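Protein chains: 2
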Amino acid sequence: MPSPTEMMSPTADLTALGKRARTAARALLRASHAQRVAALHTLADLLEQQHETILAANAEDLARGEAAGLPANLLDRMLLNPERLQAIAADTRIVAELPDPLDEQYDFAVLPSGLTRYRQRTPLGVVGMIYEARPNVTVDAAALCIKSGNAVVLRGGSDIRASCVAITTVIARALATAGLPTDAVQSITDPDRDLVRQMLRLDQSIDLIIPRGGASLHQFCRQNATIPVITGGIGVCHTYVDPTADLERAVPIIYNARVQRPSVCNSLDTLLVQRAIAAQFLPMVAQALGAAGVEFRADETARVLLQAHPDAAQWRITPAGAEDYDTEFLALILAIRVVDDLEQALAHIAQHGTGHSEAILTNDQAAAARFIAEVDASAVFVNTSTRFNDGGQFGLGAEIAVSTQKLQARGPMGLRELTSYKWVATGDWLVRS
Amino acid sequence: MPSPTEMMSPTADLTALGKRARTAARALLRASHAQRVAALHTLADLLEQQHETILAANAEDLARGEAAGLPANLLDRMLLNPERLQAIAADTRIVAELPDPLDEQYDFAVLPSGLTRYRQRTPLGVVGMIYEARPNVTVDAAALCIKSGNAVVLRGGSDIRASCVAITTVIARALATAGLPTDAVQSITDPDRDLVRQMLRLDQSIDLIIPRGGASLHQFCRQNATIPVITGGIGVCHTYVDPTADLERAVPIIYNARVQRPSVCNSLDTLLVQRAIAAQFLPMVAQALGAAGVEFRADETARVLLQAHPDAAQWRITPAGAEDYDTEFLALILAIRVVDDLEQALAHIAQHGTGHSEAILTNDQAAAARFIAEVDASAVFVNTSTRFNDGGQFGLGAEIAVSTQKLQARGPMGLRELTSYKWVATGDWLVRS
Chain A
1 MPSPTEMMSP TADLTALGKR ARTAARALLR ASHAQRVAAL HTLADLLEQQ HETILAANAE
61 DLARGEAAGL PANLLDRMLL NPERLQAIAA DTRIVAELPD PLDEQYDFAV LPSGLTRYRQ
121 RTPLGVVGMI YEARPNVTVD AAALCIKSGN AVVLRGGSDI RASCVAITTV IARALATAGL
181 PTDAVQSITD PDRDLVRQML RLDQSIDLII PRGGASLHQF CRQNATIPVI TGGIGVCHTY
241 VDPTADLERA VPIIYNARVQ RPSVCNSLDT LLVQRAIAAQ FLPMVAQALG AAGVEFRADE
301 TARVLLQAHP DAAQWRITPA GAEDYDTEFL ALILAIRVVD DLEQALAHIA QHGTGHSEAI
361 LTNDQAAAAR FIAEVDASAV FVNTSTRFND GGQFGLGAEI AVSTQKLQAR GPMGLRELTS
421 YKWVATGDWL VRS
Chain B
1 MPSPTEMMSP TADLTALGKR ARTAARALLR ASHAQRVAAL HTLADLLEQQ HETILAANAE
61 DLARGEAAGL PANLLDRMLL NPERLQAIAA DTRIVAELPD PLDEQYDFAV LPSGLTRYRQ
121 RTPLGVVGMI YEARPNVTVD AAALCIKSGN AVVLRGGSDI RASCVAITTV IARALATAGL
181 PTDAVQSITD PDRDLVRQML RLDQSIDLII PRGGASLHQF CRQNATIPVI TGGIGVCHTY
241 VDPTADLERA VPIIYNARVQ RPSVCNSLDT LLVQRAIAAQ FLPMVAQALG AAGVEFRADE
301 TARVLLQAHP DAAQWRITPA GAEDYDTEFL ALILAIRVVD DLEQALAHIA QHGTGHSEAI
361 LTNDQAAAAR FIAEVDASAV FVNTSTRFND GGQFGLGAEI AVSTQKLQAR GPMGLRELTS
421 YKWVATGDWL VRS
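Now the structure itself:
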């Protein structure tokens, strides 16, 4: 196992690191589920027992961040404290107790040739994780990868490098205690930014790159990687309100989708309202969301309807610019457009959506069915909030990312999405004719 | 629909072509399975009815190829004739009659929140297919993509561009007859090689690139694409013969794996024989395969054993160079290494294998189980020939490629591997708490 000093070395040799990861991945194929579970329980225990060391390292990162004038919300994302560490340990224990994702054989068939074949779930191999300021991702990603039998190469933001070194050291101890290779979880903590570019080209050693961060990180990975990248991270999300919708019950859904946690990717950005109900419904929305401080970027029709209302003076209404329909606001802002019909709503979503989370509110089953069939997104919702697009909410137990691309995994990625399969074929000394 | 002349235009606008493909993919979401099936039956009929036009275009390609001095085996791969066209039509009808790969909903759950969710199979969207000299790939890829509801952008080798134009024109007629958008299948037939590089960066329009061709094409795609690439194509395949193997029955399997079709990726390259049986078994192999003209590249131990045999003079035995173990021979050449045990065989495969097709011949169930668990390849075989790694042999009905990467699809890619899924979640006017 490389020492923390080695891991901090400015001459980090990524090729050697990649080879160690590949060797560790092979050793994981020989490890039992019991060992993987034991490693995670030990890790959870050590996170609690070693909290002083970890928090001291984190304090170092925060001091450096403060000195560099990082904004308060970023410093908060970087912060670990005993409560947060305990929550991370608890999450690790939950992952430990999930069923073994590798214990699955499926698609059995005996073919006319006499060949018996099935698909066996396998780990992906080596996962590369690139993230920014949250040190908890170091543990989350390591836990999900260990559980699914994958080795992982972690690259956290340089702002949290001391935290990453301290946490990775604890992870290595947990792996060793369970008899697993410590190279199964390696961190690149050298702050040299070019290492990210190098990591993205280690296609001999890394099978998959998962970026966790903003749109620019995802774009950078896609442009520079020779390894498949799970992209996601951007959600321009829509909710279409159909004329048959139960308007009283629609308002809390829209409120939940926009207001509950405005800064996340599954929050609502654009409300599409069918023309026939717009005059009645839009003021209901404005009343509820306006009271929460939401600003409305409304198209001409919606703006006229809202401004004709006696309460209009209390609402922040501005005209929607063309770019508003392509913006993930991550804030208390809601774009509004009045549409003629479902067809126009579908066309709007096809043009402006990012394939993340799209909802219809309707009591018309045919409209719901058409929306489900034709919207091309990681998750499609009927009479619910878009906020449900989440591994926990979907019952996956945990999630490593939310994917908006269509290969391997779409939407929340849990343990199963961190696996592949191999074909296993057996025969009675059989040749192909 | 672009005319053949437009498709041949040297100023092909790939961005516009990509947008048309995306629009067609959206229209395919509204199309029924019956329409997709009808398009394929019409296509099969038209391939037969229009054979004169297609064969005339193909003759043009062949004349150009002959004039350019292309080798005979390449010209044969380019060749269409009435029999080949009829076989292609028959394959198209088989694909038409396979079950609808999109008709699957799975992972239903009702969660404690009240949310009901499931995964719905969906098309991937737009597939980009890059291939070389075989005009039949134009039909195969189009048929599998139409059946699975995907639009496809085809880029065949410039040697077969006239054939591709003629076939794509027929495909467009079949699509139109079934009421499907003709842009669902588009060919880039402009010979400008830079168009391949441009195509690999159309990440706004293409969801997946499938290269069909040699190692250099796969490497080029991986290096230049901003779109996920299904890589494959290289198979350095092994068969390990364990001391418990039934030696008489092992020989035909090795013969089949190496000799039946030497030029394909699932053929055998390196034979690993356990030391205890090497003296008895290697001459048996040499006798059978030597008679078929196979050359042996043997390690020191194997060479000594073989050359001590009375028939040695009839066999072509040369010392294995280090590079032989990393070579996909695609010819009647077999590398041979004597190994101490399963452990050493596994280490050899981990070091030299390309993750394609690996076999063990054994009567020891524990050895078979360990080989299955620890070999990291698209298909692992017990007591069968590696030649079974094939969509048809695995009962998939058809295949578009054999993948040696681990995302989305591994091994033979059939219709299901050309699909993704979306999450569908419904609730009774539900918000996230």
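Residue numbers (this note's numbering), protein chains in the order written: chain A, 1 to 433; chain B, 1 to 433. Heads up, the beta-carbon is just placed ideally off N, CA and C, and yes, glycines get one too. In this text the structure is predicted, and so the values were computed from the model without any measurement.
Can you give me the Cβ contacts of residue i inside the same chain, cut-off strictly under 7 Å, excluding the 5 residues immediately before and after it?
i: B:T53; result: A166
i: A:R370; result: L342
i: A:S205; result: G18, K19, A21, R22 and V126
i: A:V251; result: M284, V285 and A288
i: B:R46; result: Per the sequence presented here, residue 46 of chain B reads as Leu, with Arg not at that position. The answer, listed in chain order, is V170, R173 and A174.
i: A:I360; result: Y240, D242, A367, A368, F371 and V382
If you compare alpha carbons, which of the options is closest to residue i?
i: A:F394; options: B:P112, B:R337, B:L361 and B:A57; result: B:P112
i: A:L330; options: A:I234, A:V304 and A:G355; result: A:I234
i: B:G355; options: B:G213, B:A409 and B:A320; result: B:A409
i: B:H33; options: B:V339, B:L306, B:A96 and B:S385; result: B:A96
i: B:D183; options: B:Q307, B:P310, B:R303 and B:I171; result: B:I171
i: A:L79; options: A:S267, A:P262, A:C164 and A:N383; result: A:C164
i: B:R212; options: B:L74, B:E343 and B:G232; result: B:G232
i: B:A151; options: B:D207, B:F108 and B:T362; result: B:D207
i: B:L332; options: B:V339, B:A347, B:D326 and B:R316; result: B:R316
i: B:L28; options: B:Q198, B:T244, B:L124 and B:G69; result: B:L124
i: A:V255; options: A:T244, A:A245 and A:T239; result: Here the sequence assigns Tyr to residue 255 of chain A, which means Val is not the residue at that position. Nearest C-alpha to A:Y255: A:T239.
i: A:H348; options: A:R303, A:F281, A:T386 and A:D269; result: A:D269
i: B:P82; options: B:A72, B:N73 and B:E48; result: B:E48
i: B:L175; options: B:G392, B:M199, B:A44 and B:A367; result: B:A44
i: A:P181; options: A:G290, A:A308, A:T15 and A:A39; result: A:A39
i: B:L305; options: B:R337, B:L98, B:T419 and B:G321; result: B:R337
i: A:L396; options: A:Q86, A:L346 and A:P99; result: A:P99
i: B:V259; options: B:Q86, B:I88 and B:V294; result: B:V294
i: B:S148; options: B:Q35, B:P262 and B:P71; result: B:Q35
In whole angstroms, what separates the C-alpha of residue i from that of residue j?
i: A:A133; j: A:D159; result: 7 Å
i: A:E60; j: A:A286; result: 45 Å
i: B:S433; j: A:A276; result: 31 Å
i: B:D428; j: A:P412; result: 22 Å
i: A:I130; j: A:V229; result: 11 Å
i: A:H352; j: A:G114; result: 51 Å
i: A:V127; j: A:C221; result: 14 Å
i: A:D242; j: A:G214; result: 32 Å
i: B:A312; j: B:E323; result: 24 Å
i: A:V153; j: A:F296; result: 43 Å
i: B:A142; j: B:I209; result: 14 Å
i: A:L272; j: A:Y325; result: 11 Å
i: B:H41; j: B:D376; result: 39 Å
i: A:S403; j: A:A67; result: 35 Å
i: B:T226; j: B:Q186; result: 20 Å
i: A:S216; j: A:I400; result: 19 Å
i: A:A279; j: A:P310; result: 13 Å
i: A:V137; j: A:L74; result: 15 Å
Leaving out the 5 sequence neighbours to the left and right, which residues in its chain are closer than 6 Å to residue i when beta-carbon positions are compared?
i: A:K422; result: Q120 and T122
i: B:E6; result: The predicted position of B:E6 is uncertain, since its pLDDT is 45 and thus under 50; no value can be drawn from it.
i: A:D107; result: Y118 and R119
i: A:P4; result: Confidence is the limiting factor: at A:P4 the pLDDT is only 47, short of 50, which leaves the residue's position unreliable and the question unanswerable from this model.
i: B:N58; result: L80 and S163
i: A:E417; result: A409
i: A:V110; result: T116
Going by DSSP, name the residue or residues bridged to residue i.
i: A:K422; result: A:Q120
i: B:I130; result: B:R155 and B:P211
i: A:S357; result: A:A379
i: A:S403; result: A:G232 and A:G411
i: A:V285; result: In the DSSP output, where bridge partners are listed per residue, A:V285 has none listed.
i: B:L217; result: According to DSSP, B:L217 bridges with nothing at all.
i: B:A109; result: B:R117
i: A:S385; result: Answer is none; A:S385 lacks a bridge partner.
Shorter than 7 Å from the beta carbon of residue i to some beta carbon of chain C?
i: A:V431; result: Among the protein chains in the structure shown, which are A and B, there is no chain C.
Going along the chain, which residues of its own chain have a beta-carbon closer than 8 Å to the beta-carbon of residue i, five neighbours each way excluded?
i: A:D340; result: Q274 and R275
Uninterrupted alpha helix (DSSP H) stretches inside the region 221-264 of chain A (no shorter than 4 residues):
247-259
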